[in-house]
Every structure is written in structure tokens, then in C-alpha cells.
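Participant: Chains as they are written, first to last, in my numbering: chain D, 1 to 431; chain E, 432 to 504.
Backbone N, C-alpha and C define an ideal beta-carbon position, used for all residues, glycine too.
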Amino acid sequence: MHPNLSFDQAPPISVPYRFFLVAPWFGVMAGILLAWSGADALASRWTPEALALTHLIALGFMLQAMAGAVFQFIPVAVGGNVWRPRLVANAVQPLLVLGTLFLVAGFLSSRFGLLSAAVPLFLLAVGGFVVAVALALWRTPATGMTLWAMRMAFGGLAVTVLLGTLLAESLARGLAVPMIELTNIHLAWGLGGWALMLLAGVSYHVVPMFQLTRPYPAWFTRGFGPLLLLLLLAWSGQYVLGDSRWPVATGALLLAVCFAYGAMTLWLQYTRRRKIHDATSLYFRVAMLSLAAFAVSGAAYFLIPAIGTDPRTVVWLGVLAIVGVFVSAITGMMYKITPFLNWLHLQRLGAPMSAVPNMKKMLDADAMTGQLRLHVLALLLLLAAVWLPGLARLAGVAFAGSSAWLGWNLICTVRRYRTFRDQIRAVALHP
Amino acid sequence: MTTIIDGRELQPPEPMERTLEALDGLAEGDDVLLLLYCQPHPLFNILRNNGYVWTEEVLPEGTREIRIRKAQV
Numbered sequence: 001m002h003p004n005l006s007f008d009q010a011p012p013i014s015v016p017y018r019f020f021l022v023a024p025w026f027g028v029m030a031g032i033l034l035a036w037s038g039a040d041a042l043a044s045r046w047t048p049e050a051l052a053l054t055h056l057i058a059l060g061f062m063l064q065a066m067a068g069a070v071f072q073f074i075p076v077a078v079g080g081n082v083w084r085p086r087l088v089a090n091a092v093q094p095l096l097v098l099g100t101l102f103l104v105a106g107f108l109s110s111r112f113g114l115l116s117a118a119v120p121l122f123l124l125a126v127g128g129f130v131v132a133v134a135l136a137l138w139r140t141p142a143t144g145m146t147l148w149a150m151r152m153a154f155g156g157l158a159v160t161v162l163l164g165t166l167l168a169e170s171l172a173r174g175l176a177v178p179m180i181e182l183t184n185i186h187l188a189w190g191l192g193g194w195a196l197m198l199l200a201g202v203s204y205h206v207v208p209m210f211q212l213t214r215p216y217p218a219w220f221t222r223g224f225g226p227l228l229l230l231l232l233l234a235w236s237g238q239y240v241l242g243d244s245r246w247p248v249a250t251g252a253l254l255l256a257v258c259f260a261y262g263a264m265t266l267w268l269q270y271t272r273r274r275k276i277h278d279a280t281s282l283y284f285r286v287a288m289l290s291l292a293a294f295a296v297s298g299a300a301y302f303l304i305p306a307i308g309t310d311p312r313t314v315v316w317l318g319v320l321a322i323v324g325v326f327v328s329a330i331t332g333m334m335y336k337i338t339p340f341l342n343w344l345h346l347q348r349l350g351a352p353m354s355a356v357p358n359m360k361k362m363l364d365a366d367a368m369t370g371q372l373r374l375h376v377l378a379l380l381l382l383l384a385a386v387w388l389p390g391l392a393r394l395a396g397v398a399f400a401g402s403s404a405w406l407g408w409n410l411i412c413t414v415r416r417y418r419t420f421r422d423q424i425r426a427v428a429l430h431p
Numbered sequence: 432m433t434t435i436i437d438g439r440e441l442q443p444p445e446p447m448e449r450t451l452e453a454l455d456g457l458a459e460g461d462d463v464l465l466l467l468y469c470q471p472h473p474l475f476n477i478l479r480n481n482g483y484v485w486t487e488e489v490l491p492e493g494t495r496e497i498r499i500r501k502a503q504v
């Protein structure tokens, strides 16, 4: 029966892979930029280098990888179909790449016209992507909190890009807007409303499935996403209220919710019956420990004035969130998604089950573990470099190295897919 | 006869592989009971496209009991 099974719902394998294969090289660019810039880059979040580094990773690495994962995740996890995924990916990815490069060049050169040039590219890319995904997420008959978290996350992505548009145009045209407040709201929606919301929604599905934990408790999954959304709306109120206590109160609650998600995931990992210590589990542990550290550091930022007024504190928070939480979790996910993608698409060739290699043969475990170790070293060096600027160049080299290793590992996975595919086809032609 | 596959402590795609193997030898009137903590949408698509039907029940502790049999012609 098996050779006749239909696997037609997954998008073509090239769709997620094209995003995954590009993402790590933006990490390499970020590492090289930091190594080139040196000590001053991390002095505050407003340096041109810090702004460029943030967007290289948030857009070049995170958004690329998350977009690729979403194309694959929607049919597998929520039973939906993105409309013409190859066409959407073909249109979205070049615009995202170009927009990111324009934005980064604009920050580094302080030529704000480049920021303005990036705006239509992002509006087209993210607008098209959000519409295509939203249609799939609303049409699926599936239910559950993963689906709702994904719907909210795409709302968060749209808000982030619109606020980014406003900020870019304000810089380019010299408009008088409260830049600091708007930036705080933009980054909260980007990191919280988009990235964390999506990560949590995906976690509800993949953490029990791939890390063999118990499911997230229903009260947690029902409460986390809506509460995060409400608190982000409340945080955004700082723009209209103008009361200095408001961001402290809503920020502290946001941090508590972030901490709860990290602690819950660590608890599920700790209490699982079958212990698995593969790269994905370890990457998730690094991500959740970083999230807990982010929440505790954020509380110190709000509550201890001497820490709150030091411009390096926000850089520390940014490194923890962007590299510690999201680069770690996304890398761990890619290490689980790509072997599964290979397996799923090799099954589609119609070969007998025994002809398709085990998932463990798709990506070498030692290569993943080695890359994980270098990533952790890079993260620690980046955190240290915030307070010891002399380490900035070394941290940049380490991050570029770990990103390049990730890129190479993913290239090897694609090469193995091609090798196995050709073997299966050869056997089918000459049984 | 019911074939039980407890996929709760197996890493994907092992639950799907075992289920497809069990369906290969499924006789008329027999069924497969798959236990998971998540909804296996790729498996559902395969079942839908290959003439199987299934029922799904979620237990209070989060286990999903998915009972699969051949569709009545």
C-alpha cells in the first residue's frame, strides 16, 4: 500500500529550504560586521552598528528562517495550505533580502534615503506573506492554541512592519515623532508579538512531539498568547499616556509572562520520562535559560536605577533576546525540521518504507553538537563584550563562525537529500 | 482486532512509520489505535487520500486517541 500513498499537501521542498539556506549567512554578515567595528559597536543600542546588527539578525536570520518554517509548519501542524507556496516564496524572499540589505546599508552609512527605499520592499514582502499565510490560517478546519498563537503572531508581524515603516520614514523625512517610545513599541511587537508568539505557538506542538515531553497544560496555552497580546497593547499605551510609571508596570508584567513561558518549557523538559539530549533539546534549553535571564535582567533594568540608566543594559537585553532566545530556538528547530523535510519528501517519491534512510542519517549529530558548542561560546562572548568591549571583535568572529557552520550543516542536509533521492530513483528505474 | 501504537514516547516520524506499517496488514473490520500528544496532520492527509477514516478523542491528561479503520465502500 505504501508506495501509493499520497503526500501531496506539503509544499515543494525548495520552498522552506531556500529560506533556511540564506538565513545563516546573514548571521555571518552580522558577525563580520561586529568583528570589523570592534569595541564601540555595543556601547549603546543607538549606534549605527548596533542598529545594523539588530536588523541583520532580526530580519536576515530570524524572519528568513521563520518564514521558511511557517511554509512547512502550516500543512504539517495545522492542516492548512498556503496559496501557491512556490510563487509566494519566489516573490517574498528576494524582496526580504533586498529590503534587509537596504536597511542595514542605511543604518551604517546614515543615508536615511536607503531606509525609505527599504520600506516598499518590506511592505510588499511582508504584506504579501501575511495575506497568504492569514488566508491559510483562517481557512483550515483545525482548532487549538497553536493555530490561535500563529494568527496572533502574524498580526504582530504586521504591526511591527507598520511601526518600522513609520520609524524609517520619520528618519528619512525628518518627521517629529517620539522616536524612543515608538522604537520601544516597535521592538516589543517584533520580539514579543511576532517572534515570541510564533515560537510559543510552535512550541505547543513541537516540544511534546520532538522532545517527548508532556503537553503544555491547557490553562497555560489558553492564557499565554492572549495575555501577551493584551500586555503588548497596554505597553503600546505609553505612546499616548505619557506617564512614566505605565511602561514600568506593563513592562514588568510582560517580563513575568516571558519568564513563565521559559520556566514552563524548562519544567516540561525536566519532567519528561524519556530523556533526549539531541541538539534541538539542548538548543531549546539554551533559549529558555536565555529567556529567563532576559526576564530577570529586564526586571533589574526597570527596578534598579543605576542599571536602568546604563545604555549597555539594553544592549545586554538585546543580545539575550535576539541571539540567546531566538537564534538558539530557531537553529534548534531547523535541526529538527530539515531532516524531517528530507524524510517526508523522500517518502513522496513512492519508494518502499525500507528504502528511505532514517532521519538520523540526514544530518550528522556531531556536526550539530559542535555547532551548538560554538554558538554557546559566541553567545557568552557577546554577553561579556557588552561590559568588556575589548572582547567585541572576538565575539563577532565566534558568531560569524557558528553561523557559517550552521549554514554548512544545512547545505550538507540538502546534499544528502539529493544523494538519497538519486539513489531511490536509480533503484526505481533499475530494480 | 485492534493494533495499539503508543507514539507518545517516540520521535517523529516513527509513529507515522509504525502506523503505515500496521495499516499495510489491516484486515476488514480491524482498526489501529494510535496514541499521541499532538494532531498528526501529515498522517491525516495520507489517510484521507487513501480511503481510511478515523476518530479522535482527547483524554484529560492530553493524550489523543486516534482510531483508524478502512472506510466503508
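Just to confirm, are residue 432 of chain D and residue 89 of chain D a CB contact at a threshold of 8 Å?
Facilitator: Past the boundaries of the shown model lies residue 432 of chain D; chain D is included only from 1 to 431, so the question cannot be answered.
Participant: Nearest CA to the CA of residue 280 of chain D: which residue from D:261, D:299, D:327?
Facilitator: Looking up residue 280 of chain D in the first sequence gives position 280. Nearest option by C-alpha distance: D:327.
Participant: Quick check: what's the CA-CA separation for residue 466 of chain E versus residue 358 of chain D?
Facilitator: In the second sequence, the residue the question calls residue 466 of chain E occupies position 35. In the first sequence, the residue the question calls residue 358 of chain D occupies position 358. Distance between the alpha carbons of residue 466 of chain E and residue 358 of chain D: 22 Å.
Participant: Residue 324 of chain D to residue 267 of chain D, Cα distance in whole Å?
Facilitator: The residue labelled residue 324 of chain D in the question sits at position 324 within the first sequence. The residue labelled residue 267 of chain D in the question sits at position 267 within the first sequence. Taking the straight line from one Cα to the other gives about 19 Å.
Participant: So the alpha helix (DSSP H) residue 187 of chain D belongs to, where does it begin and stop?
Facilitator: Working through the first sequence from its first residue, we reach residue 187 of chain D at position 187. Residues 179-188.
Participant: Roughly how many angstroms separate the alpha carbons of residue 236 of chain D and residue 291 of chain D, rounded to a whole number?
Facilitator: As a first step, residue 236 of chain D must be located in the first sequence, where it is residue number 236. As a first step, residue 291 of chain D must be located in the first sequence, where it is residue number 291. Roughly 21 Å separates the two Cα atoms.
Participant: Which two residues bound the contiguous beta strand (DSSP E) that contains residue 486 of chain E?
Facilitator: What you label residue 486 of chain E is simply residue 55 of the second sequence in a count that begins at 1. Run containing residue 486 of chain E: 483-489, per the beta strand (DSSP E) assignment.
Participant: What span of residues does the beta strand (DSSP E) with residue 437 of chain E cover, start to end?
Facilitator: In the second sequence, residue 437 of chain E corresponds to position 6, counting from 1. Its beta strand (DSSP E) spans residues 433-437.
Participant: At least one CB of chain E closer than 8 Å to the CB of residue 420 of chain D: is that the case?
Facilitator: Counted from its first residue, the first sequence places residue 420 of chain D at position 420. Closer than 8 Å: no.
Participant: Based on the DSSP secondary-structure assignment, which residues constitute the bridge partners of residue 496 of chain E?
Facilitator: Mapped onto the second sequence, residue 496 of chain E falls at position 65. DSSP lists E:466, E:488 as partners of residue 496 of chain E.
Participant: Quick one: does residue 3 of chain D have its CB under 8 Å from some CB of chain E?
Facilitator: Counted from its first residue, the first sequence places residue 3 of chain D at position 3. Since pLDDT at residue 3 of chain D reaches only 42, below the 50 mark, its modelled position is unreliable, and the value read off the structure follows with that caveat. Chain E contact via Cβ: absent.
Participant: Take every Cβ of the stretch 55-70 of chain D, pair it with every Cβ of the stretch 23-34 of chain D, and state whether three or more of those distances are shorter than 8 Å.
Facilitator: yes
Participant: Measuring from the CB of residue 331 of chain D, is there a heavy atom of the ligand ADP at a distance below 7 Å?
Facilitator: Absent from the structure shown: the ligand ADP. Ligands present: none.
Participant: Could you tell me which residues DSSP pairs with residue 275 of chain D in its beta bridges?
Facilitator: To locate residue 275 of chain D, count along the first sequence from 1; it is residue 275. According to DSSP, which records beta bridges pairwise, residue 275 of chain D is partnered with nothing at all.
Participant: Mind listing the chain E neighbours of residue 274 of chain D? Cutoff is C-beta to C-beta under 7 Å, in chain order.
Facilitator: As a first step, residue 274 of chain D is located in the first sequence; it is residue number 274 there, counting from the start. Listed along the chain, the chain E residues whose CB falls inside 7 Å of the CB of residue 274 of chain D are 440.
Participant: How close, in whole Å, do the beta carbons of residue 137 of chain D and residue 150 of chain D come, if the pair is a contact with beta carbons under 8 Å?
Facilitator: For the purposes of this step, residue 137 of chain D is taken as the residue at position 137 of the first sequence. For the purposes of this step, residue 150 of chain D is taken as the residue at position 150 of the first sequence. Right, the Cβ-Cβ distance comes to about 6 Å (below 8 Å), so this counts as a contact.
Participant: In terms of residues, what are the limits of the alpha helix (DSSP H) holding residue 309 of chain D?
Facilitator: For this step, residue 309 of chain D is matched to residue 309 along the first sequence. Note, residue 309 of chain D: premise wrong, no alpha helix (DSSP H); not H, not E.
Participant: From D:407, D:393, D:140, pick the residue whose C-alpha is nearest to that of residue 19 of chain D; which is it?
Facilitator: Start at 1 with the first residue of the first sequence, and residue 19 of chain D comes out as number 19. Considering only alpha carbons, the answer is D:407.
Participant: Compare the beta carbon distance of residue 130 of chain D and residue 158 of chain D with 8 Å and say whether it is the shorter of the two.
Facilitator: Within the first sequence, numbered from 1, the residue matching residue 130 of chain D stands at position 130. Within the first sequence, numbered from 1, the residue matching residue 158 of chain D stands at position 158. Their beta carbons are under 8 Å apart, which means residue 130 of chain D touches residue 158 of chain D by this criterion.
Participant: From residue 234 of chain D to residue 194 of chain D, what does the alpha carbon distance come to, in whole angstroms?
Facilitator: What you label residue 234 of chain D is simply residue 234 of the first sequence in a count that begins at 1. What you label residue 194 of chain D is simply residue 194 of the first sequence in a count that begins at 1. Using only the alpha carbons, I get a separation of about 16 Å.
Participant: For residue 365 of chain D and residue 197 of chain D, I'd like the C-alpha separation in whole angstroms.
Facilitator: Along the first sequence, one-based indexing puts residue 365 of chain D at 365. Along the first sequence, one-based indexing puts residue 197 of chain D at 197. Going by C-alpha positions, residue 365 of chain D is about 29 Å away from residue 197 of chain D.
Participant: Between the alpha carbons of residue 96 of chain D and residue 124 of chain D, how many angstroms are there, rounded?
Facilitator: Counted from its first residue, the first sequence places residue 96 of chain D at position 96. Counted from its first residue, the first sequence places residue 124 of chain D at position 124. The straight-line gap from Cα to Cα measures roughly 9 Å.
Participant: Identify, in the order they occur along the chain, each residue of the same chain with its Cβ nearer than 6 Å to the Cβ of residue 25 of chain D, setting aside the five sequence neighbours on each side.
Facilitator: As a position in the first sequence, residue 25 of chain D is number 25, starting the count at 1. Excluding residues up to 5 positions away in sequence, 407 lie with their Cβ nearer than 6 Å to the Cβ of residue 25 of chain D in the same chain.
Participant: Among D:383, D:426, D:363, D:382, which has the Cα closest to the Cα of residue 412 of chain D?
Facilitator: Here residue 412 of chain D is taken as the residue at index 412 of the first sequence, counted from 1. Comparing Cα positions, the closest option is D:363.
Participant: Are residue 446 of chain E and residue 471 of chain E close, meaning C-beta to C-beta below 8 Å?
Facilitator: Mapped onto the second sequence, residue 446 of chain E falls at position 15. Mapped onto the second sequence, residue 471 of chain E falls at position 40. Yes. Within cutoff.
Participant: Looking only at C-alpha atoms, which of D:251, D:17, D:74 sits nearest to residue 154 of chain D?
Facilitator: Locating residue 154 of chain D in the first sequence gives position 154, where the first residue counts as 1. Selected option, being the one with the closest Cα: D:74.
Participant: With burial defined as no fewer than 16 other Cβ atoms inside 10 Å of the residue's Cβ, what is the status of residue 439 of chain E: buried or exposed?
Facilitator: As a first step, residue 439 of chain E must be located in the second sequence, where it is residue number 8. Buried, by the Cβ-count rule.
Participant: Taking 8 Å as the limit between beta carbons, can you name the residues of its chain near residue 214 of chain D, skipping five residues before and five after?
Facilitator: Within the first sequence, residue 214 of chain D is the residue found at index 214, counting from 1. Around residue 214 of chain D: 208, 268, 271, 272.
Participant: Helix, strand or coil, according to DSSP, for residue 3 of chain D in the structure here?
Facilitator: Here the question's residue 3 of chain D lines up with position 3 in the first sequence. Note on residue 3 of chain D: pLDDT 42, under 50, position unreliable in the model; the coordinate value appears next. Residue 3 of chain D: helix per DSSP, three-state reduction.
Participant: From the DSSP output, read off the bridge partner residues of residue 501 of chain E.
Facilitator: Residue numbering aside, residue 501 of chain E sits at position 70 when the second sequence is read from its first letter. In the DSSP output, where bridge partners are listed per residue, residue 501 of chain E has E:483.
Participant: Strictly below 9 Å CB to CB, what residues from chain D border residue 468 of chain E?
Facilitator: Within the second sequence, numbered from 1, the residue matching residue 468 of chain E stands at position 37. The contacting residues are 208, 209, 212, 213, 214, 215.
Participant: Nearest-angstrom Cα distance between residue 118 of chain D and residue 102 of chain D?
Facilitator: Along the first sequence, read from residue 1 onward, the residue named residue 118 of chain D stands at position 118. Along the first sequence, read from residue 1 onward, the residue named residue 102 of chain D stands at position 102. Taking the straight line from one Cα to the other gives about 6 Å.
Participant: Using a Cβ cut-off of 9 Å, pull out every chain E residue sitting near residue 78 of chain D, in sequence order please.
Facilitator: Position 78 of the first sequence, counted from the start, is the residue given in the question as residue 78 of chain D. The contacting residues are 470, 472.
Participant: What are the boundary residues of the alpha helix (DSSP H) that residue 442 of chain E is part of?
Facilitator: Within the second sequence, residue 442 of chain E is the residue found at index 11, counting from 1. Where residue 442 of chain E is concerned, there is no enclosing alpha helix (DSSP H), given that its DSSP letter is neither H nor E.
Participant: How about residue 433 of chain E and residue 455 of chain E: are their beta carbons less than 8 Å apart?
Facilitator: Position 2 of the second sequence, counted from the first residue, corresponds to residue 433 of chain E. Position 24 of the second sequence, counted from the first residue, corresponds to residue 455 of chain E. Contact flag unset, no.
Participant: Taking only three categories from DSSP, how would you classify residue 10 of chain D?
Facilitator: Here residue 10 of chain D refers to the residue found at position 10 when the first sequence is read from its first residue. Residue 10 of chain D sits in coil when the DSSP states are folded into three classes, being neither helix nor strand.
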